[in-house]
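When the letters of the sequence shown are read in order and numbered with the working numbering, they come out as residues 1108 to 1354.
Think of the CB as a built atom: it goes at the ideal place given N, C-alpha and C, for glycine as much as any other residue.
Here the structure is a predicted model, which is why all the values come from computation and not from measurement.
Working notes, beginning with the structure itself.
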Amino acid sequence: MFILNAQSRLFRRQALLLALVALGVVYLLWNIPALSGIIYPFRLFVTYVHEAGHSLMAIFSGGSVTGFTISPDGSGVATTIGGSRALILPAGYLGAAFFGTVLFYLVNTVRYTRAIAIVLGVGLLIFTTVYSRPDQSGTPTAFLVGWIFGLALIGMGWKLPQTINILILNVLAMLTSLNAVLDLFYLTRAIRASAGVVRNDAAAFSAEIAPLLPPVAWAVLWAGLALLMLAISIYFSIIRPIRRGTF
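Next up, the structure:
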């Protein structure tokens, strides 16, 4: 790992602190409906990553993806064919957690943070163009989210200083990695697939894959795994380098 100078070490510690403070504020806003409009774009981005997790796992497990949608209310659906349901169902929350923890690690260890933003932005544009679909009402929310965030990340990496890139990418990483925690209240409700209502992932996993455990057990387990993954990422990218004097 490269040796950072004192100014860079100080900034990275400050960036982490700001990301933690921002995460606390976002968690409160996420669970207060009257204030949710403030973080509305970020909620849609997290949903995008969540549905991308389902979609990619379908492909990795031998299936295919018809497409994925995001509705203006922040919900999303990935339509897949084949593949392993045991892997696809938890891949929304656990996939988002994996994406967030890897992004957090890279942002805080790789020298070229602006390049990370650009590569991520390009990836969003490609994935969106190939797999996004309009929702049932015909609203192309998934397309808009993917392209707006993709172009914003490319512009951020191209024009804004590295310090801003580190801070914003840290916040996005923590939001996506803690998707299961932020949605824990929703996950713990076992929604039945009746009257056209789509069950949440924990309820579907319990019903189709592991009926011996209730949805709330899987919800808490996924949230715990998300926290564990983020904690490991923070340790190896922040805590261990500080202890070794290389941060």
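In this structure the segment 1161–1176 touches the segment 1239–1252; the number of beta carbon pairs closer than 8 Å is three or more. Here Ala1141 is exposed, its C-beta having fewer than 16 other C-beta atoms within 10 Å. Between the C-alpha atoms of Ala1159 and Ala1330 there is a straight-line separation of about 18 Å. The beta carbon of Gly1189 sits closer than 7 Å to those of Gly1169, Gly1170, Ser1171, all from its chain and outside the five residues before and after it, given in chain order.
8 Å or more divides the Cβ of Val1278 from the Cβ of Ala1333. Non-local beta-carbon contacts of Tyr1219 in its own chain, meaning distances under 7 Å to residues more than five positions away in sequence, are absent. Counting only runs of 3 or more residues that sit fully inside the segment 1117–1205, the beta strand (DSSP E) segments are 1171–1177, 1183–1188, in chain order. Taking a contact to require three or more Cβ pairs closer than 8 Å, the segment 1309–1318 and the segment 1189–1202 qualify as touching. Taking the CA atoms as reference points, Arg1120 sits about 42 Å from Ala1317. Burial is judged here by how many other beta carbons sit within 10 angstroms of a residue's own beta carbon; Leu1124 has fewer than 16 and is exposed.
Counting only residues of its own chain and dropping the five nearest sequence neighbours on each side, Ile1225 has a CB closer than 8 Å to the CB of Leu1260, Ile1261, Gly1264, Trp1265. Following the DSSP letters along the chain, one finds Phe1256 inside the alpha helix (DSSP H) bounded by residues 1248–1266. Around the C-beta of Ser1244, fewer than 16 other C-beta atoms lie within 10 Å, and the residue is accordingly described as exposed. Contact between Gly1253 and Phe1234 holds, with the beta-carbon distance rounding to 7 Å and staying under 8 Å. For Ser1239, DSSP records a beta bridge to Phe1175.
For Leu1274, the enclosing alpha helix (DSSP H) covers residues 1269–1284.
With at least 16 other beta carbons inside 10 angstroms of its own, Tyr1212 counts as buried. Between Asn1272 and Val1153, the C-beta spacing is not below 8 Å. Looking at Ile1349, Arg1350, Ala1338, the one whose alpha-carbon comes closest to that of Phe1205 is Ala1338.
Leaving aside the five residues that flank Leu1232 on each side, the residues in its chain whose CB is nearer than 6 Å to its CB run, in chain order, Gly1257. Cβ-Cβ separation between Val1133 and Ile1146: approximately 6 Å, consistent with a contact (criterion under 8 Å).
By the criterion of a C-beta distance shorter than 6 Å, Trp1137 is surrounded in its chain by Leu1289, once the five residues flanking it on both sides are discounted. The three-state secondary structure of Leu1320, taken from DSSP, is coil.
When the Cα atoms are used, Pro1348 and Pro1321 turn out to be separated by approximately 40 Å.
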